[in-house]
Every structure is written in C-alpha cells, then in structure tokens.
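Engineer:
Number of protein chains: 2
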Amino acid sequence: MALLVMKFGGTSVATIEAIENVANKVAAEVRAGHSAAVVVSAMAGVTNQLVSYCQEISPLHDAREYDAVVSSGEQVTSGLLAMALQKRGINARSWQGWQIPILTDRSHAKARIEDIDTEKFKQQFAGNAVAVVAGFQGISPEGRITTLGRGGSDTSAVALAAAVGADRCDIYTDVKGVYTCDPGIVPKAKKLKQICYEEMLEMASVGAKVLQTRSVEMAMKENVCVQVLSSFADAVGSDLKGTLLVSEDELMEKALISGITCSRDDAKITLRKLPDTPGVAAKIFGPLAEASVNVDMIVQNIAADTKMTDLTFTVPRADLERTISIFNKSIKNEGLEGCEMEHSSDVAKISIVGIGMRSHAGVAQQMFQTLADKGINIHVISTSEIKVSVLIGEEYAELALRALHTAYGLDDAA
Amino acid sequence: MALLVMKFGGTSVATIEAIENVANKVAAEVRAGHSAAVVVSAMAGVTNQLVSYCQEISPLHDAREYDAVVSSGEQVTSGLLAMALQKRGINARSWQGWQIPILTDRSHAKARIEDIDTEKFKQQFAGNAVAVVAGFQGISPEGRITTLGRGGSDTSAVALAAAVGADRCDIYTDVKGVYTCDPGIVPKAKKLKQICYEEMLEMASVGAKVLQTRSVEMAMKENVCVQVLSSFADAVGSDLKGTLLVSEDELMEKALISGITCSRDDAKITLRKLPDTPGVAAKIFGPLAEASVNVDMIVQNIAADTKMTDLTFTVPRADLERTISIFNKSIKNEGLEGCEMEHSSDVAKISIVGIGMRSHAGVAQQMFQTLADKGINIHVISTSEIKVSVLIGEEYAELALRALHTAYGLDDAA
Numbered sequence: 046m047a048l049l050v051m052k053f054g055g056t057s058v059a060t061i062e063a064i065e066n067v068a069n070k071v072a073a074e075v076r077a078g079h080s081a082a083v084v085v086s087a088m089a090g091v092t093n094q095l096v097s098y099c100q101e102i103s104p105l106h107d108a109r110e111y112d113a114v115v116s117s118g119e120q121v122t123s124g125l126l127a128m129a130l131q132k133r134g135i136n137a138r139s140w141q142g143w144q145i146p147i148l149t150d151r152s153h154a155k156a157r158i159e160d161i162d163t164e165k166f167k168q169q170f171a172g173n174a175v176a177v178v179a180g181f182q183g184i185s186p187e188g189r190i191t192t193l194g195r196g197g198s199d200t201s202a203v204a205l206a207a208a209v210g211a212d213r214c215d216i217y218t219d220v221k222g223v224y225t226c227d228p229g230i231v232p233k234a235k236k237l238k239q240i241c242y243e244e245m246l247e248m249a250s251v252g253a254k255v256l257q258t259r260s261v262e263m264a265m266k267e268n269v270c271v272q273v274l275s276s277f278a279d280a281v282g283s284d285l286k287g288t289l290l291v292s293e294d295e296l297m298e299k300a301l302i303s304g305i306t307c308s309r310d311d312a313k314i315t316l317r318k319l320p321d322t323p324g325v326a327a328k329i330f331g332p333l334a335e336a337s338v339n340v341d342m343i344v345q346n347i348a349a350d351t352k353m354t355d356l357t358f359t360v361p362r363a364d365l366e367r368t369i370s371i372f373n374k375s376i377k378n379e380g381l382e383g384c385e386m387e388h389s390s391d392v393a394k395i396s397i398v399g400i401g402m403r404s405h406a407g408v409a410q411q412m413f414q415t416l417a418d419k420g421i422n423i424h425v426i427s428t429s430e431i432k433v434s435v436l437i438g439e440e441y442a443e444l445a446l447r448a449l450h451t452a453y454g455l456d457d458a459a
Numbered sequence: 046m047a048l049l050v051m052k053f054g055g056t057s058v059a060t061i062e063a064i065e066n067v068a069n070k071v072a073a074e075v076r077a078g079h080s081a082a083v084v085v086s087a088m089a090g091v092t093n094q095l096v097s098y099c100q101e102i103s104p105l106h107d108a109r110e111y112d113a114v115v116s117s118g119e120q121v122t123s124g125l126l127a128m129a130l131q132k133r134g135i136n137a138r139s140w141q142g143w144q145i146p147i148l149t150d151r152s153h154a155k156a157r158i159e160d161i162d163t164e165k166f167k168q169q170f171a172g173n174a175v176a177v178v179a180g181f182q183g184i185s186p187e188g189r190i191t192t193l194g195r196g197g198s199d200t201s202a203v204a205l206a207a208a209v210g211a212d213r214c215d216i217y218t219d220v221k222g223v224y225t226c227d228p229g230i231v232p233k234a235k236k237l238k239q240i241c242y243e244e245m246l247e248m249a250s251v252g253a254k255v256l257q258t259r260s261v262e263m264a265m266k267e268n269v270c271v272q273v274l275s276s277f278a279d280a281v282g283s284d285l286k287g288t289l290l291v292s293e294d295e296l297m298e299k300a301l302i303s304g305i306t307c308s309r310d311d312a313k314i315t316l317r318k319l320p321d322t323p324g325v326a327a328k329i330f331g332p333l334a335e336a337s338v339n340v341d342m343i344v345q346n347i348a349a350d351t352k353m354t355d356l357t358f359t360v361p362r363a364d365l366e367r368t369i370s371i372f373n374k375s376i377k378n379e380g381l382e383g384c385e386m387e388h389s390s391d392v393a394k395i396s397i398v399g400i401g402m403r404s405h406a407g408v409a410q411q412m413f414q415t416l417a418d419k420g421i422n423i424h425v426i427s428t429s430e431i432k433v434s435v436l437i438g439e440e441y442a443e444l445a446l447r448a449l450h451t452a453y454g455l456d457d458a459a
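Pasting the structure below:
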C-alpha cells in the first residue's frame with residue numbers, strides 16, 4: 046500500500062463541482078488502501094484577483110502583506126476539500142502552512158522551503174486520516190505568512206513528498222501530462238511518457254507552465270518520483286497515465302529535442318552609453334540581486350565608441366517597474382548619469398530543450414535557420430548544455446513555435 | 046493624544062477604492078497624533094460567497110473547516126489595508142488572529158474570545174505603527190482557526206479595545222449610527238445620539254444588525270466607550286458624529302422606546318403530542334444545547350388532552366436543518382415516537398426595546414393593540430425587562446414596523 050502525495054492545481058479546484066471531483070479521486074486512492082496527503086492550489090482565478098488588488102493599491106507593495114493577501118486562496122480550497130472528503134466518510138482535515146509548520150526563508154513572495162515538521166503528519170497517516178494541505182504557503186522565522194511564488198503549490202507537494210518519504214507525488218493538472226509544446230498553440234504537440242528531471246527543469250524555467258521550476262529542482266535533488274497527469278481523466282493516479290519525471294539513466298529513449306517552450310513573462314531592458322570600465326556590470330546587477338530581481342538573459346555589446354558599451358538583459362515582466370526604479374536610483378548613486386535606458390515588454394522567449402543536444406552538433410543552428418526562414422528577428426540568444434533560448438518579438442511567438450515543432454520532427458503523426 | 050481602535054465593516058472595505066478611503070480615515074487620526082489599531086471585516090459579499098461554498102458541499106459541514114474557509118476574507122482585507130496605509134507613509138502591518146494571538150474557546154463558527162495577548166501590540170503602539178487586525182477570527186487551544194460568528198469583527202474590535210485600554214472604539218459602518226428602526230424599511234426612522242448598553246444589547250440580539258450582540262455585551266462588561274458611525278461621511282471619528290454607547294446613568298434622556306427591530310433569522314418549530322411528563326423539555330432541549338443550537342422563544346401550550354402537550358420554539362434559521370436532524374434522533378432515543386413536528390421559516394420577530402419600559406405600564410399592550418388594528422396575528426410572545434418581542438408572519442414585517450414606529454411616536458418630524 047503506497048503513501049501518495051496528490052497535488053491539484055487551480056483549474057482542478059475551480060468550482061465546487063471540481064472540488065467534489067477531486068474528492069472522488071482522493072477517496073478512490075484511500076479506498077484502494079493507499080495513504081494520501083493532498084496539496085491544493087487556490088480556485089482558478091482567485092490568486093490573480095488577489096494579486097490585482099495588491100497591484101491596484103501599489104505596484105511597490107510590501108511583499109509581507111502581499112503574502113498575507115494571496116495565501117488566502119489556498120486556505121479556502123484546503124477547508125472545502127476537507128469537507129468534501131468528510132462527506133465521503135473519509136477522515137480528513139485541512140492544514141495551513143503555519144499549522145504544520147512549513148518553514149521557509151524570509152524571501153516573501155518567492156520564499157524557499159527550509160524545513161517541514163512532519164511529526165503531526167506522520168501521526169495523521171498512522172491514524173488513517175487524509176491531510177489536506179494549503180499549497181503555495183509557509184511561515185517565515187518571524188511568524189509571517191510567506192508564499193513560494195506562482196506555481197508554488199507544486200513545490201509544496203514535492204517538498205511534502207520528500208519530507209514524508211512518499212512513494213509518489215502525483216501532480217494533477219488540466220493537461221494530460223508534459224507535452225512537446227503547448228497544445229493550445231501547436232495542435233500537433235505530443236504527450237511525453239517520460240521526461241528526465243534536467244529537461245523538465247529547463248522546460249519549467251523557460252515557460253512550460255506545467256510545473257514550478259523549484260519543484261523540479263527539489264524532485265531531482267530529493268529523488269522524488271513525480272507524475273504529471275490530468276485531474277479530468279477518469280483513471281486514478283495508480284494507473285500511471287500521465288508523464289513520469291525520471292532520472293536521466295531511467296530514460297528509455299533519449300530524444301534530440303524533448304520540448305519547445307514559450308515564455309511571455311520577460312521584459313527586455315537595454316542600457317546604452319554605459320562606461321566600459323571594470324565593475325560596471327556589478328553596479329547594475331548588484332542592486333537588482335539585492336532586491337531579489339532575477340536577471341535572466343544578458344548580452345553585453347562591444348560598442349563602437351570604446352569608452353562606452355551597451356547592455357541588454359531580461360527581467361520578469363512583473364519586476365519591470367521595480368527594476369526601473371532600482372536602476373534610476375543606481376544611476377544617481379553609482380555615477381552612471383550618462384546612461385540611457387530602453388525597455389520593452391513585447392517580447393517572447395522561445396526555447397528548445399533536449400538532453401540529446403549534448404551529443405549532437407548543429408541543433409542551435411537549425412533553430413536560427415528555421416526562424417530566419419520565417420523572417421523572425423532574434424534579439425538575444427542564451428544557451429545551456431541542454432537548452433537554446435532566443436528572445437523574439439512577442440507577435441511572432443506562435444509562428445516560431447509551430448515552425449520549430451515541425452523542424453525538429455516533433456509533430457504528432459496521428 | 047488618544048489610543049483608538051477603529052473597526053471597518055464589509056461595505057466600508059468592499060472595493061479597493063473603499064479601502065483607500067478607510068486608509069485616509071486612519072491616516073487622518075494618526076496625523077492628528079492619535080495611536081490606532083484597526084480591525085477589518087472581509088470585503089462585502091466575500092464571506093457570503095465562502096459560506097455558500099461550504100453549504101454547497103454539505104449543510105452539515107465540519108465547523109473547523111468552515112472556520113478555515115470563511116476566515117480568509119478578513120486576512121485579505123488586513124493585508125490590503127496595511128499596504129494602503131504604507132502607501133500613505135504610515136508604518137503599518139497586518140495581524141491574523143493566530144499571529145497576535147487572539148485566543149478563543151473551541152466553539153467553532155461561534156467562538157468566544159478568552160484572551161488577547163497584547164504584548165507585541167503594545168510594542169507596536171510604542172513604535173508608532175498601526176496594527177491592522179483581521180477581525181472575526183481567533184485560534185483555538187488546538188491551534189485551529191476559529192471564527193466569532195456573523196458580525197464577529199465588532200467583537201474583535203471591542204475585545205481589542207478592552208485589552209489595550211483604548212480611549213474609544215469607533216465602529217465604522219455603512220449607516221450614520223444607530224437608528225430607531227431600519228431606515229430602509231421605515232423612512233421616518235431617527236438616528237440616536239446615545240443609546241445605553243442594555244438597550245443596544247437587546248436591539249442587537251433581536252435583529253438590529255449594526256453591532257454583534259456579543260460585542261455589546263463585552264463593551265458593557267469592560268466599559269468600553271463605543272461609537273457607531275459612518276465610514277462614508279467626511280468627518281473623522283474624533284468629531285463624534287455617530288451614536289455613542291453609554292451606561293444607563295450617562296444617558297441624557299430616557300425614551301420609553303428607543304428602537305424597534307425586525308429579525309428574519311429565526312425559524313419556528315412546533316412539536317405536537319408530546320407526553321406531558323416531567324423532563325420532556327430537557328429531552329428536547331438538552332441535545333440542542335449540546336449541539337450549540339440557540340433556542341430563543343419558547344411557548345408550551347396547555348393541551349386539551351391532559352396527557353399530551355404542544356411546544357413551540359424558535360431557532361436560528363441557519364440551524365433549522367441541524368435541529369430537525371437532532372430532533373429526529375431524539376425521537377428514537379428518548380421514547381418520543383408519537384410526537385409530530387411542524388416547522389416554518391416564514392416568520393419575522395418584531396421587537397420593541399426601551400429602558401423606559403421598566404417604569405411604564407401598558408407598553409406591551411400598546412404593541413399588541415397596534416398589531417391587532419392592522420390585522421396581524423401574533424404566533425409567539427416573549428418579554429424581558431426592557432423588551433417585548435413577537436413572532437409574526439414574515440409578510441407582515443414591514444407593515445408592523447411602520448405601524449409600531451408611528452404608534453410609539455418615534456417618527457422623525459423633519
């Protein structure tokens with residue numbers, strides 16, 4: 046009899062009807078003799094509404110208050126699902142992050158889980174009760190509510206699975222698994238039976254919304270067996286119909302490219318007329334790092350005028366205003382008065398990911414050629430061992446995805 | 046410089062614009078040199094939505110899970126108001142019930158505050174920061190979230206005012222104060238400048254929605270100076286434009302009748318063919334008391350058949366299903382098989398309240414005559430020292446209120 050952690054995302058708990066459906070799935074596992082802990086997201090749309098309230102009050106709001114506000118959605122779902130399970134005769138209770146507690150660091154709005162106290166939990170499993178855990182949230186050393194960033198409930202689930210030594214962590218979502226590309230944009234996208242942690246990590250970090258990046262990191266580190274599957278299919282998790290995350294050596298077939306992703310969450314910033322002196326990059330990026338703004342793609346141009354240089358980089362679109370305000374301060378404090386800033390949010394980051402890339406040359410070149418053939422201009426390029434990303438105009442995103450999907454032979458033959 | 050507790054109800058924080066308005070009022074008090082703690086309700090409509098989710102899953106849901114669900118609305122508002130105050134340059138932070146902590150008993154969904162730990166709070170006031178407290182919620186001895194019943198944020202505010210020794214507790218609401226009757230039903234209703242605790246207590250317990258009954262009890266017991274005023278008027282609380290709750294000896298003018306209220310929250314239950322033996326009432330009401338169902342008006346009829354009796358009583362409409370289910374069990378367990386039950390929710394309880402009633406005869410008679418003149422049948426009567434309540438058909442409620450308001454000379458001359 047297995048010990049399962051089951052996680053249900055926002056669309057899986059969007060309505061009371063959907064929550065009842067989730068309760069049926071959990072009940073089926075319990076009746077099959079398994080022990081289950083369930084991690085839930087907020088009802089679809091709720092977190093967005095709460096975030097927009099915060100933005101409306103002030104784009105530069107206190108992240109501690111933001112966390113108090115946005116964590117409430119998961120609290121609601123955890124209580125409702127516990128009720129729905131009780132209605133089915135299943136012993137269940139809700140757990141908030143601070144009740145367990147799920148201890149995090151102090152990085153409000155993007156906190157990292159540091160420890161989970163599982164003592165009470167293990168008692169629950171012994172007592173055959175289902176723990177319904179509010180995902181996305183934890184508690185700081187100061188006793189303030191923290192949240193784990195968008196998609197953080199995945200990380201809650203994987204961390205919990207690691208902490209209690211679960212046999213599997215089933216991530217129920219509104220898609221049937223991990224696809225080669227977003228089927229909403231590329232109808233010929235295929236569902237993958239397996240994907241290795243490294244590929245999933247790259248895909249998650251460049252726009253595949255199916256799992257939060259940190260949850261994949263944690264699954265890889267803690268060797269948690271994760272399955273991504275649909276909460277709307279009839280079969281329960283035990284039937285293994287989704288996509289399994291495995292380690293590279295468990296992979297049955299290594300594809301050249303496993304997936305193509307698109308991220309519209311980035312904004313591009315270009316700084317012109319920067320003094321080309323040692324330490325200038327540190328002056329720019331230091332304050333951003335301090336403010337926990339994740340700078341992603343960075344390109345420094347060799348400028349015509351040898352005393353000046355240009356710098357282009359991307360930051361999360363949500364951090365754009367904050368980045369501009371931080372940079373305006375840096376200009377004053379750091380003697381960068383002559384510098385000019387341009388910024389744009391009309392960009393998309395297209396990435397190809399595949400572990401097979403390691404042993405094959407020409408993969409990136411095929412990407413550049415395919416985009417060139419469609420007349421798509423590339424603003425910035427960045428690469429890793431198993432990934433190539435390009436920044437292009439947002440209006441070309443769908444076109445680029447479809448062209449690349451075909452070029453790499455990923456189209457579903459069916 | 047005063048220490049104020051300011052409480053804002055659901056309509057006062059219904060939108061972000063309304064929350065900004067509240068922040069302006071708090072900021073005005075702080076800039077005038079006062080210290081402030083603010084207690085907030087959920088945004089109007091939110092709690093109703095959450096309650097209906099719970100009802101949809103199961104009318105017989107676990108009250109502990111209900112509390113986890115419905116307490117989330119206040120969490121949101123507390124965070125948003127803290128942000129809005131910070132935007133105005135005011136040092137503020139949100140506090141959840143479990144963070145303070147506000148310790149309650151275990152009566153989930155209608156918990157009573159047992160203690161408030163004000164140590165951290167008093168440090169806050171010393172540090173000149175505004176504490177924004179999520180109303181309505183507390184924490185049980187087991188560490189579960191509790192709620193204080195509908196309108197419980199009033200009680201949170203008064204309890205906090207008592208605990209920190211506030212100079213005044215201002216209850217901001219969507220009306221300008223306490224009225225002789227609901228102005229929505231009786232346009233000639235007058236705003237009272239003062240009302241004594243005892244009258245307010247009776248009025249609150251029989252349907253005047255302006256304050257939660259328990260908050261008035263607590264204000265009376267702890268001698269907290271409470272003001273009810275509008276959050277939509279321009280003046281700030283210091284201008285004393287609302288209704289003040291005072292003790293009887295502070296009352297400047299004692300009216301015969303201070304107010305007339307209407308409650309539509311009751312359901313009537315009649316039990317027929319009960320055996321007329323000692324202990325039968327205990328058999329009926331014992332299980333209801335154990336389940337924390339508040340039985341209000343009770344009438345036992347002398348039956349024609351001397352071995353049988355009839356019993357009529359009212360319970361909160363929200364508890365009707367539970368009452369029926371409890372009673373059906375009692376019938377089996379307690380040898381009451383021959384008993385028949387009737388129930389109705391189409392009733393309204395009309396009450397006249399006034400401290401002057403103590404020294405005047407004929408007040409109740411005038412009520413009965415006024416209703417009789419309008420052809421309104423009275424189902425049940427109950428009285429206290431300063432109150433007379435009658436249960437009538439719900440369809441006659443508005444007619445009864447207007448007739449009584451005129452009969453007791455309360456109509457506004459203006």
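Protein sequences, first through last, are from chains A and F. According to the numbering used here, the first sequence is numbered sequentially starting from 46. According to the numbering used here, the second sequence is numbered sequentially starting from 46. Cβ atoms here follow ideal geometry from the backbone N, Cα and C, with glycine treated the same way.
Along the chain, where does the beta strand (DSSP E) containing C99 of chain F start, and where does it finish?
Structural biologist: Sequence index remark: in the second sequence, residue 99 of chain F carries index 54 (1-based). Unbroken run through C99 of chain F is the alpha helix (DSSP H), V91 to I102; no beta strand (DSSP E).
Engineer: Can a CB atom of chain F be found closer than 7 Å to the CB of S185 of chain A?
Structural biologist: Counting from 1 along the first sequence, the entry for residue 185 of chain A is found at position 140. No, because no Cβ of chain F sits closer than 7 Å to the Cβ of S185 of chain A.
Engineer: For T163 of chain F, which residues of its own chain have a beta-carbon under 6 Å away from its beta-carbon, when the five flanking residues on both sides are left out?
Structural biologist: By 1-based counting over the second sequence, the position of residue 163 of chain F is 118. Correct list, in chain order: A208 and V209.
Engineer: How would you write the range of the alpha helix (DSSP H) that V373 of chain A sits in, first residue to last?
Structural biologist: Numbered from its first residue, the first sequence carries residue 373 of chain A at position 328. Reading off the sequence shown, one finds Asn at residue 373 of chain A, where the question assumed Val. Run containing N373 of chain A: L365 to N378, per the alpha helix (DSSP H) assignment.
Engineer: Using the Cα positions of R403 of chain F and G183 of chain F, report the straight-line distance between them to the nearest angstrom.
Structural biologist: If you number the second sequence from 1, residue 403 of chain F lands on position 358. If you number the second sequence from 1, residue 183 of chain F lands on position 138. Approximately 38 Å between the Cα atoms of the pair.
Engineer: Does the CB of Y441 of chain A have a neighbour CB from chain F at under 7 Å?
Structural biologist: Looking up residue 441 of chain A in the first sequence gives position 396. With 7 Å as the cut-off, Y441 of chain A does not count as an interface residue toward chain F.
Engineer: Measure from the C-beta of D107 of chain F to each C-beta in chain A and report whether the shortest distance is under 7 Å.
Structural biologist: By 1-based counting over the second sequence, the position of residue 107 of chain F is 62. Yes, contact with chain A.
Engineer: May I ask which residues mark the beginning and end of the beta strand (DSSP E) holding I190 of chain A?
Structural biologist: For the purposes of this step, residue 190 of chain A is taken as residue 145 along the first sequence, with counting starting at 1. Residues I190 to T192.
Engineer: Where does I161 of chain A sit, in a helix, a strand or coil, going by DSSP?
Structural biologist: Here residue 161 of chain A refers to the residue found at position 116 when the first sequence is read from its first residue. Strand.
Engineer: Leaving out the 5 sequence neighbours to the left and right, which residues in its chain are closer than 6 Å to L125 of chain F when beta-carbon positions are compared?
Structural biologist: To locate residue 125 of chain F, count along the second sequence from 1; it is residue 80. The answer, listed in chain order, is I64.
Engineer: Mark D418 of chain F as exposed unless 16 or more other C-beta atoms lie within 10 angstroms of its C-beta, in which case mark it buried.
Structural biologist: Your numbering for residue 418 of chain F matches position 373 in the second sequence. Burial call: exposed.
Engineer: Would you mind sorting T288 of chain A into buried or exposed? The rule is 16 or more other CB atoms within 10 Å of its CB.
Structural biologist: Counting from one through the first sequence, the residue named residue 288 of chain A turns up at place 243. Buried is the call here.
Engineer: Any idea what DSSP makes of L416 of chain F, helix, strand or coil?
Structural biologist: Taking the first residue of the second sequence as position 1, residue 416 of chain F is located at position 371. Here L416 of chain F sits in helix by DSSP.
Engineer: Just checking my contact of V360 of chain A with V340 of chain A at CB under 8 Å: how many whole Å lie between their CB atoms?
Structural biologist: Locating residue 360 of chain A in the first sequence gives position 315, where the first residue counts as 1. Locating residue 340 of chain A in the first sequence gives position 295, where the first residue counts as 1. Confirmed, Cβ separation roughly 6 Å.
Engineer: Based on the DSSP secondary-structure assignment, which residues constitute the bridge partners of P320 of chain A?
Structural biologist: Here the question's residue 320 of chain A lines up with position 275 in the first sequence. Per DSSP, A:M353.
Engineer: What do you get for S116 of chain F, buried or exposed, if any count of 16 or more other CB atoms within 10 angstroms of its CB means buried?
Structural biologist: Taking the first residue of the second sequence as position 1, residue 116 of chain F is located at position 71. By the 10 Å Cβ count, S116 of chain F comes out buried.
Engineer: Count the C-beta pairs between the stretch 190-201 of chain F and the stretch 244-263 of chain F that are closer than 8 Å, then say yes if the count reaches three, no if not.
Structural biologist: Output reads yes: the stretch 244-263 of chain F touches the stretch 190-201 of chain F.
Engineer: Can you list the residues of chain A that S103 of chain F reaches, using a CB-CB cut of under 9 Å?
Structural biologist: Translated into positions along the second sequence, residue 103 of chain F becomes position 58. Under the 9 Å cutoff, chain A gives M128, A129, Q131 and K132.
Engineer: Which one or two residues does DSSP pair with V291 of chain F in a beta bridge?
Structural biologist: For the purposes of this step, residue 291 of chain F is taken as residue 246 along the second sequence, with counting starting at 1. DSSP output for V291 of chain F lists F:C241 as bridge partner(s).
Engineer: Would you give the residue range spanned by the beta strand (DSSP E) that V70 of chain F belongs to?
Structural biologist: For the purposes of this step, residue 70 of chain F is taken as the residue at position 25 of the second sequence. In the sequence as presented, Val is not what sits at residue 70 of chain F; that position holds Lys. Where K70 of chain F is concerned, there is no enclosing beta strand (DSSP E), although the alpha helix (DSSP H) it sits in stretches over I61 to R76.
Engineer: Below 7 Å between beta carbons: does that hold for A87 of chain A and G55 of chain A?
Structural biologist: Counting from one through the first sequence, the residue named residue 87 of chain A turns up at place 42. Counting from one through the first sequence, the residue named residue 55 of chain A turns up at place 10. For A87 of chain A and G55 of chain A, yes; Cβs fall inside 7 Å.
Engineer: Is there contact here, the stretch 133-144 of chain A with the stretch 163-175 of chain A, by at least three beta-carbon pairs under 8 Å?
Structural biologist: Because the criterion of three Cβ pairs below 8 Å is met, the stretch 133-144 of chain A and the stretch 163-175 of chain A touch.
Engineer: Pick out whichever of F:V114, F:S152 and F:G188 has its Cα sitting closest to the Cα of I145 of chain F.
Structural biologist: Within the second sequence, the letter at position 100 stands for residue 145 of chain F. Measuring from the Cα of I145 of chain F, the nearest candidate turns out to be F:G188.
Engineer: Excluding the 5 residues flanking E439 of chain F on each side, which residues of the same chain have their C-beta closer than 7 Å to its C-beta?
Structural biologist: Here residue 439 of chain F refers to the residue found at position 394 when the second sequence is read from its first residue. R309, D391, V392 and A393, listed in sequence order.
Engineer: According to DSSP, is G210 of chain A helix, strand or coil?
Structural biologist: Counted from its first residue, the first sequence places residue 210 of chain A at position 165. Note: G210 of chain A maps to coil in three-state DSSP.
Engineer: Classify S97 of chain F: buried if its beta carbon has 16 or more other beta carbons within 10 angstroms, exposed otherwise.
Structural biologist: Taking the first residue of the second sequence as position 1, residue 97 of chain F is located at position 52. With fewer than 16 other Cβ atoms within 10 Å, it is exposed.
Engineer: State the beta-bridge partners of C307 of chain F as determined by DSSP.
Structural biologist: Position 262 of the second sequence, counting from 1, holds the residue named residue 307 of chain F. BP columns for C307 of chain F point to F:I395.
Engineer: Whole-angstrom Cβ separation of V75 of chain F and F53 of chain F, contact assumed at under 8 Å?
Structural biologist: Within the second sequence, residue 75 of chain F is the residue found at index 30, counting from 1. Within the second sequence, residue 53 of chain F is the residue found at index 8, counting from 1. About 15 Å; that fails the 8 Å criterion.
Engineer: Where in the stretch 120-157 of chain F do unbroken runs of the beta strand (DSSP E), each at least 3 residues long, occur, reported from the N-terminal end onward?
Structural biologist: The stretch 120-157 of chain F contains these whole beta strand (DSSP E) runs: 137-140 and 147-149.
Engineer: What number of angstroms, rounded off, separates the C-alpha of A460 of chain F from the C-alpha of E119 of chain F?
Structural biologist: No statement about residue 460 of chain F is possible, as the shown extent of chain F runs from 46 to 459 and does not include it.
Engineer: Between the C-alpha atoms of A108 of chain F and T200 of chain F, what's the straight-line distance to the nearest angstrom?
Structural biologist: For the purposes of this step, residue 108 of chain F is identified with residue 63 of the second sequence, where counting begins at 1. For the purposes of this step, residue 200 of chain F is identified with residue 155 of the second sequence, where counting begins at 1. For A108 of chain F and T200 of chain F, the distance between alpha carbons rounds to 19 Å.
Engineer: Leaving out the 5 sequence neighbours to the left and right, which residues in its chain are closer than 7 Å to T192 of chain A when beta-carbon positions are compared?
Structural biologist: Translated into the one-based positions of the first sequence, residue 192 of chain A becomes position 147. Excluding positions up to five away in sequence, the list reads D112, V115, S116, A154, A156, F181 and Q182.
Engineer: Could you give the distance in angstroms between the alpha-carbon of P323 of chain A and the alpha-carbon of I329 of chain A?
Structural biologist: Position 278 of the first sequence, counting from 1, holds the residue named residue 323 of chain A. Position 284 of the first sequence, counting from 1, holds the residue named residue 329 of chain A. About 12 Å.
Engineer: Please confirm if G172 of chain A has its CB atom under 7 Å from at least one CB of chain F.
Structural biologist: If you number the first sequence from 1, residue 172 of chain A lands on position 127. Not one chain F Cβ lies under 7 Å of G172 of chain A.
Engineer: Checking contacts by CB at 7 Å: is G124 of chain F closer than that to chain A?
Structural biologist: The sequence position of residue 124 of chain F within the second sequence is 79, counting from 1. Yes - at least one Cβ of chain A is within 7 Å of the one on G124 of chain F.
Engineer: Grouping DSSP H, G and I as helix and E and B as strand, with all else coil, what is T359 of chain F?
Structural biologist: As a first step, residue 359 of chain F is located in the second sequence; it is residue number 314 there, counting from the start. Looking at T359 of chain F - three-state DSSP - the assignment turns out to be strand.
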